[in-house]
Amino acid sequence: ETGVTQTPRHLVMGMTNKKSLKCEQHLGHNAMYWYKQSAKKPLELMFVYSLEERVENNSVPSRFSPECPNSSHLFLHLHTLQPEDSALYLCASSQDRGGGAGYGYTFGSGTRLTVV
Amino acid sequence: LAKTTQPISMDSYEGQEVNITCSHNNIATNDYITWYQQFPSQGPRFIIQGYKTKVTNEVASLFIPADRKSSTLSLPRVSLSDTAVYYCLVGGDLTGGGNKLTFGTGTQLKVEL
């Protein structure tokens, strides 16, 4: 148990489907993140939420829509995806202390998404 | 963003000490150096974090020189289960003026018998 739970672990969806990925953290952290990891590529930061407000959106296509209803939950809503969106989607959380204090991320196990 | 440079891959044998060095020339004053380990199809796992000098925990040591422009992760007596990708990240808090944590390509460590 890493403290960050992602569901589902695996998802296969058609290009016209709508689905959502869910992330829940049990660590009392105040920041949450979505990362995408494609085969043989580095992790790409998609979205950052700090204190439930989106603070970063790294030019992610609008077919990915994040939602952070509270500091413990993060969703990634998916619609009309493309086959190239197939990847491992990872959620992470951290405690943002401000003032430059050191911190680390706790990652979930990820959702393996396949778009057909 | 603080760019990091690490070797693409390293090979070792069980029982040996492995040192992976990371360069981060544009590290900011508020940045910490953090190392993660990732197995296939899993999320990265925190290994160790430091700001300067040396940090040691139950799994690794982290050496940081005075100029902080590089760091070395040291894994003592590796085993087959240490085969993984190791990432060096440099960054600070979202509100602390440090760089945001950005993953590079990492170092693929392969441990053999």
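So the protein sequences, as listed, match chains A and B. Residues 276 to 391 (this note's numbering) make up the first sequence, in order. Residues 75 to 187 (this note's numbering) make up the second sequence, in order. Don't be surprised by glycine CBs; every beta carbon is placed ideally from N, CA and C.
* **Own chain, CB closer than 8 Å to Asn-333/A, minus 5 neighbours either side, in chain order** => Here residue 333/A corresponds to residue number 58 of the first sequence, with the count starting at 1. Glu-319, Leu-320, Met-321 and Phe-322.
* **DSSP bridge partner residues for Ser-86/B (one or two, in chain order)** => For the purposes of this step, residue 86/B is taken as the residue at position 12 of the second sequence. Note: Ser-86/B sits in a beta bridge opposite Val-185/B.
* So, do the region 347-364 of chain A and the region 76-91 of chain B have three or more beta carbon pairs nearer to each other than 8 Å? -> no
* Heavy atom of the ligand FMN within 7 Å of Ser-155/B beta-carbon -> The ligand FMN is absent from the structure shown, which contains no ligands of any kind.
* If you drop the 5 nearest sequence neighbours on each side, which residues of the same chain put their C-beta closer than 6 Å to that of His-304/A? -> The residue you call residue 304/A lines up with position 29 of the first sequence. If we look at His-304/A and ignore the five residues flanking it on each side, its Cβ neighbours are Ser-368, Ser-369 and Gln-370.
* Using 8 Å as the threshold, is the region 121-135 of chain B in touch with the region 93-112 of chain B, meaning 3 or more CB pairs across them? -> Counting Cβ pairs under 8 Å, three or more are found: they touch.
* Boundaries of the beta strand (DSSP E) in which Ala-306/A is found, first to last residue -> If you number the first sequence from 1, residue 306/A lands on position 31. From DSSP, the beta strand (DSSP E) with Ala-306/A extends over 306-312.
* Asked: Using a C-beta to C-beta distance shorter than 7 Å, which residues of chain B count as neighbours of Ser-334/A?
  -> As a first step, residue 334/A is located in the first sequence; it is residue number 59 there, counting from the start. Under a criterion of Cβ atoms nearer than 7 Å, no residue of chain B is adjacent to Ser-334/A; the nearest Cβ is some 14 Å distant.
* Who are the near neighbours of Ser-325/A in its chain, counting only those whose CB is closer than 7 Å to its CB and skipping five residues on each side? -> For this step, residue 325/A is matched to residue 50 along the first sequence. Excluding residues up to 5 positions away in sequence, Asn-305, Ala-306 and Asp-371 lie with their Cβ nearer than 7 Å to the Cβ of Ser-325/A in the same chain.
* Asked: Would you call Leu-356/A buried or exposed, if buried means 16 or more other Cβ atoms sit within 10 Å of its Cβ?
  -> Here the question's residue 356/A lines up with position 81 in the first sequence. The residue is buried, with at least 16 neighbouring Cβ atoms inside 10 Å.
* chain B contact residues for Gly-397/A, given Cβ-Cβ distances below 8 Å -> Nothing can be reported for residue 397/A: it is not among the residues displayed for chain A, which extend from 276 to 391.
* Are there 16 or more other CB atoms within 10 angstroms of the CB of Ala-134/B, so buried, or fewer, so exposed? -> Taking the first residue of the second sequence as position 1, residue 134/B is located at position 60. Classification of Ala-134/B: buried, given that the 10 Å Cβ count is 16 or more.
* Asked: Alpha carbon to alpha carbon, how far is Ala-248/A from Ser-340/A?
  -> Here chain A has residues from 276 to 391 only, and residue 248/A is not among them.
* Nearest to Leu-353/A (by Cα), restricted to the options Gly-379/A, Asn-345/A, Met-288/A and Tyr-310/A -> For the purposes of this step, residue 353/A is taken as residue 78 along the first sequence, with counting starting at 1. Residue Met-288/A is the option with its Cα nearest to Leu-353/A.
* Straight-line Cα distance separating Thr-176/B from Ser-116/B -> Your numbering for residue 116/B matches position 42 in the second sequence. Your numbering for residue 176/B matches position 102 in the second sequence. It should be pointed out that residue 116/B corresponds to Gln in this sequence rather than to Ser. Going by C-alpha positions, Gln-116/B is about 18 Å away from Thr-176/B.
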